[in-house]
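Trainee: Counting along the sequence shown from 1, when you hit position 34 you're at 34 in the UniProt record's numbering, and nothing is skipped either side. Note that CB positions come from ideal geometry on N, CA and C, so glycine has one too. Here it is: the structure, laid out below.
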Amino acid sequence: MARGKIQIKRIENTNNRQVTFSKRRKGLFNKANEPSVLCDARVSILLSFPTFKIHSYVSPSTSTKEIFDDYQKTLGIDIWSSQYEKKLKRRNDENINLRRQSR
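Quick look at the structure:
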């Protein structure tokens, strides 16, 4: 039996939206893992949810920074200036501390 098609539009109910986001995020990360394993591709995905929580997937053999550095070199642009790297490290340290405190 075939599944019915759904119309792609914003889910108005907050709880349903959050559940759907969670399920779709898991499916997307599983799909991102496939080329990483099968083809040794380096994959990085960043998702931002309206609750200001960032979800990420990175191939086991690399880091998001390495992928962005390669992206910068290819396009000849500078995303990661030292100023932003310092801010990112500070925020990551703050997030780690907040997670430890919330446990």
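Express the C-alpha separation of Thr74 and Asp40 in angstroms, rounding to a whole number.
Mentor: The alpha-carbon atoms of Asp40 and Thr74 are separated by roughly 19 angstroms.
Trainee: Give the DSSP-derived three-state secondary structure of Ile45 in the structure shown.
Mentor: strand
Trainee: Could you spell out the range, first to last residue, of the alpha helix (DSSP H) harbouring Ser56?
Mentor: Premise fails: Ser56 lies in the beta strand (DSSP E), Lys53 to Val58, not in any alpha helix (DSSP H).
Trainee: For Arg25, which residues from the same chain have a beta carbon less than 7 angstroms from its beta carbon, with the 5 sequence-adjacent residues on both sides left out?
Mentor: Leu47 and His55
Trainee: Put Ile67 into one of helix, strand or coil per three-state DSSP.
Mentor: helix
Trainee: Which same chain residues, not among the five before or five after Thr62, have their C-beta less than 6 angstroms away from its C-beta?
Mentor: Arg42
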